[in-house]
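Before any comments, here is the structure.
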Amino acid sequence: MDREKIDATKYYSDVVEIMGRQGLLLGSFDAEGKANLMTIGWGAIGRIWGIPVWIVMVRPSRYTFQCIEHSGCFTVNVPQDGLESACALCGSRSGREINKFLECKLTEQRAATVLAPTVGECSVVYECQVVHSNDILPEKLSGEILTGAYVDGDYHRVYFGKILLAAAAPDAAARLRQQ
Numbered sequence: 055m056d057r058e059k060i061d062a063t064k065y066y067s068d069v070v071e072i073m074g075r076q077g078l079l080l081g082s083f084d085a086e087g088k089a090n091l092m093t094i095g096w097g098a099i100g101r102i103w104g105i106p107v108w109i110v111m112v113r114p115s116r117y118t119f120q121c122i123e124h125s126g127c128f129t130v131n132v133p134q135d136g137l138e139s140a141c142a143l144c145g146s147r148s149g150r151e152i153n154k155f156l157e158c159k160l161t162e163q164r165a166a167t168v169l170a171p172t173v174g175e176c177s178v179v180y181e182c183q184v185v186h187s188n189d190i191l192p193e194k195l196s197g198e199i200l201t202g203a204y205v206d207g208d209y210h211r212v213y214f215g216k217i218l219l220a221a222a223a224p225d226a227a228a229r230l231r232q233q
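Using the working numbering, you'd call the opening residue of the sequence shown number 55 and step up by one each time.
Right, dumping it as structure tokens:
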């Protein structure tokens, strides 16, 4: 899919709504160059330190964790209608076991600015370079979050990714609003 550079905040409300409803696809490469996708339902887009960022959370037990640790970058891909089953599969199976691009019949494309894949079928993509990360500190979490999100103790690492490029298909607005 052809995309044009956009301001990182252009589709903010649509992107956040889609993330909460079906999830977004986080793209990364492992040390051998194998592309991987993971569905994310938690994250934030905004400005920190005067730069546009995506904040994403990945548990150390996830294959995506070792991919981002290796490459220091990731992409956030915004799915439109018709990709619900891909989001479901990418959120329930490990890239250690399967090639999610093949399983979901998605087109793997190289990002323009980072060493991470983008999804050809996604009309909006963000290319991000990790500028900071930190681990969740369980002793600092409220009881509600601790018992709701961390029953098994697999605490996330939080990645702050500087958005180097945000790009969208010319018809992205229509595609996102169809959902």
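Yeah, the Cβ is synthetic: ideal placement off N, Cα and C, and Gly gets one too.
Predicted, not measured: the structure shown is a model, and the values here were computed from it.
Contacting residues, own chain, Cβ-Cβ under 7 Å from residue i (five flanking each side not counted)
i           : result
residue 172 : 81, 129, 131, 163, 165, 179
residue 102 : 214
residue 124 : 84, 85
Residues sharing a beta bridge with residue i, DSSP
i           : result
residue 184 : 215
residue 83  : 89
residue 127 : 183
residue 109 : 98, 214
Cβ-heavy atom distance, residue i to the ligand GTP, below 8 Å
i           : result
residue 222 : As presented, the structure is devoid of all ligands, the ligand GTP included, so that no description of it is given.
DSSP state of residue i mapped onto helix, strand, coil
i           : result
residue 67  : helix
residue 220 : strand
residue 140 : helix
residue 227 : helix
residue 159 : coil
residue 165 : coil
residue 55  : coil
residue 97  : strand
residue 192 : helix
residue 122 : helix
residue 72  : helix
Anticipated Cβ contact below 8 Å, residue i with residue j, distance rounded
i           : j           : result
residue 211 : residue 119 : 7 Å
residue 62  : residue 220 : 4 Å
residue 127 : residue 170 : 5 Å
residue 207 : residue 141 : Wrong, their Cβ atoms sit about 26 Å apart, outside the cutoff.
residue 100 : residue 107 : 6 Å
residue 174 : residue 55  : 5 Å
Beta-carbon contacts of residue i that lie in its chain and below 8 Å, excluding the five residues immediately before and after
i           : result
residue 218 : 167, 168, 181, 182, 183
Sequence-distant residues of the same chain with beta carbon closer than 6 Å to residue i, five excluded per side
i          : result
residue 91 : 79, 81, 144, 154
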